[in-house]
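Q: To convert, take the position in the sequence shown, counting from 1, and add 31; that gives this note's numbering.
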Amino acid sequence: MSTHMSLTGKGMVQGLPMVKEPSEKCTNCMKGKQQRDVISKKSSWRATAKLELIHSDICGPINPESNGKKRYFITFIDDLSRKSWVYFLSEKSEALAVFQKFKCLRTDRGGEYTSTTFNEFCDTHGIRR
């Protein structure tokens with residue numbers, strides 16, 4: 032609305048009537064202009080040793096599934112070296128089975144990373160999250 036008013040007011044648009052901006056915004060207009068909070072690209076700390084901090088996420092379900100009946104994949108990325116590992120999974124619940132040698136894990140807090148079994152494994156092995 033403000034762009035239309037600005038262009039019309041400067042004589043850059045011809046043939047459109049001058050309109051006033053409504054005093055109240057409709058619900059859909061407000062929803063359309065909403066923005067999510069920015070996720071900081073700077074982490075609170077960076078790894079100083081290989082495998083000290085690992086970033087991870089799961090993608091899926093993917094259709095069609097692979098020949099091996101895999102519908103998901105999980106990535107692990109070393110914070111220091113940026114070395115990446117990708118594992119293919121049939122179910123999200125297999126995430127713990129492929130995660131075993133990392134010291135610290137940064138995730139999106141998805142359910143596959145917050146199960147009781149996953150939490151117990153991390154606590155037992157001194158893995159920070």
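Glycine included, C-beta positions come from ideal geometry on N, C-alpha and C.
Using a 10 Å radius around the Cβ and a threshold of 16 neighbouring Cβ atoms, would you call K87 buried or exposed?
A: The sequence given here has Ser at residue 87, not Lys. It counts as buried.
Q: On the three-state DSSP scale, how would you describe F149?
A: Helix, per DSSP.
Q: Give the straight-line distance between the Cα atoms of V44 and K51, rounded to the nearest whole angstrom.
A: Roughly 16 Å between the two C-alpha positions.
Q: By alpha-carbon positions, which one of F130, G99, D109 and G63 ends up nearest to A80?
A: Nearest of F130, G99, D109 and G63 to A80, Cα basis: D109.
Q: For E143, is the classification buried or exposed, using 16 other Cβ atoms within 10 angstroms of its Cβ as the cut-off for buried?
A: Buried, since its Cβ has 16 or more Cβ neighbours within 10 Å.
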